[in-house]
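Asks: Okay, handing you the structure first.
Take a look at the structure:
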């Protein structure tokens, strides 16, 4: 099954793919190899337009946030 998710807010429409790409880009900027990341949890807050995430890499929890 293939599904597309789009979050619509007053000023910004965001797709699942865009959120994933934001997390990947942010991890790359922190020099984290994506192939070594175990788990990623991401939370998007539409009213503040902030994407928060945590990723497990080498037993460490890496946190980040991205303003969209």
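In the numbering used here, the protein residues as written are -3 to 64.
Note that beta-carbon positions come from the ideal geometry of N, C-alpha and C, so glycine has one too.
The structure displayed is predicted, hence computed values, not measured ones.
Please report how far the alpha carbon of residue 51 lies from the alpha carbon of residue 10, in whole angstroms.
Replies: In the chain shown, counting from the first residue as 1, residue 51 sits at position 55. In the chain shown, counting from the first residue as 1, residue 10 sits at position 14. Approximately 21 Å between the Cα atoms of the pair.
Asks: Give the secondary structure of residue 6 by DSSP, where H, G and I count as helix, E and B as strand, and everything else as coil.
Replies: Here residue 6 is taken as the residue at index 10 of the chain shown, counted from 1. Coil at residue 6, not helix or strand.
Asks: Mind reading off the beta-carbon distance from residue 48 to residue 61? Whole number of angstroms is fine, and I expect it under 8 Å.
Replies: For the purposes of this step, residue 48 is identified with residue 52 of the chain shown, where counting begins at 1. For the purposes of this step, residue 61 is identified with residue 65 of the chain shown, where counting begins at 1. About 5 Å separates the two Cβ atoms, so the contact holds.
Asks: Taking buried to mean at least 16 other C-beta atoms within 10 Å of its own C-beta, is residue 63 buried or exposed?
Replies: Locating residue 63 in the chain shown gives position 67, counting from the first residue. So residue 63 ends up on the exposed side.
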